[in-house]
Amino acid sequence: MEKIFRAYYLSPIGTVEITATEEAIVSVLFTEETAQPNAPNLPICLTDCLQQLNQYFAGERKTFELPVASAGTNFQEQVWHQLEKINFGQTLSYYDLSVQLGNLGAIRAVGSANGKNKLLLIRPCHRVIGANGQLVGYAGGLWRKKWLLAHERKINGTHQLTLFG
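Per numbering that gives the first Met the number 0: the sequence shown = residues 0 to 164.
Pasting the structure below:
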């Protein structure tokens, strides 16, 4: 069994727990637990992830360039691949994603796959909204989703967020 490494990043919206193997990031999740000090000699992919998260929250990075290891079904992997295509500061609906996948009947399945994404921020599931433009579902909490979208739009110079009223 591969050794799993763990590190914590203190973001402006809470602690992010990152797990990785020696070669790839396995998960990036918000946690309510108290962050532990990061161990010395973390794998390069983990130190790169910490650095890229810092750049993202500082407004200096719009995409992540990290090796990732995910374990999803073929359909989940297809949905997660589509998440990576959503531009920084933009949103798509679950319906839009099902259209991109060529399966209009898959809206609920797209939502389910989105909810199983363990690589928050790296696979930007916070950019997926309801068809009516409302914020729905986010593993990190809707308040974080709102903050992340506002952060990205501020960096892009599009401050007005119509979906928040």
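Note that beta-carbon positions come from the ideal geometry of N, C-alpha and C, so glycine has one too.
The C-alpha of residue 123 is placed about 18 Å away from the C-alpha of residue 157.
Under DSSP, residue 9 takes part in a beta bridge, and its partners are 14. With at least 16 other beta carbons inside 10 angstroms of its own, residue 88 counts as buried. In this structure, the alpha-carbon of residue 85 lies about 16 Å from that of residue 75. Along the length of the region 15-102, whole alpha helix (DSSP H) runs at least 4 residues long occupy 43-56, 73-82 and 93-99, reported in chain order. When only Cα atoms are considered, residue 155 and residue 3 end up about 36 Å apart. For residue 10 against residue 52, the beta-carbon gap comes to about 7 Å, under 8 Å, which counts as contact. Contact between residue 148 and residue 141 does not hold, since their C-beta atoms are separated by about 11 Å, which reaches or exceeds 8 Å. For a cut-off of 8 Å, the C-beta gap from residue 65 to residue 24 is around 5 Å, short enough to register as a contact.
Of the candidates 127, 112 and 118, 118 places its Cα closest to the Cα of residue 29. The beta carbons of residue 1 and residue 16 sit no closer together than 9 Å.
For residue 150, the uninterrupted alpha helix (DSSP H) segment begins and ends at 141-155. Collapsing the DSSP output to three states places residue 135 in coil.
Residue 90 and residue 151 have their C-alpha atoms spaced approximately 11 Å apart. Around residue 26, the same chain offers 18 and 117 as residues with beta carbons nearer than 6 Å, after the five sequence neighbours per side are excluded. For residue 130, there is no enclosing alpha helix (DSSP H), as DSSP gives it neither H nor E. The shortest C-alpha to C-alpha distance from residue 69 to any of 129, 143 and 121 is the one to 121.
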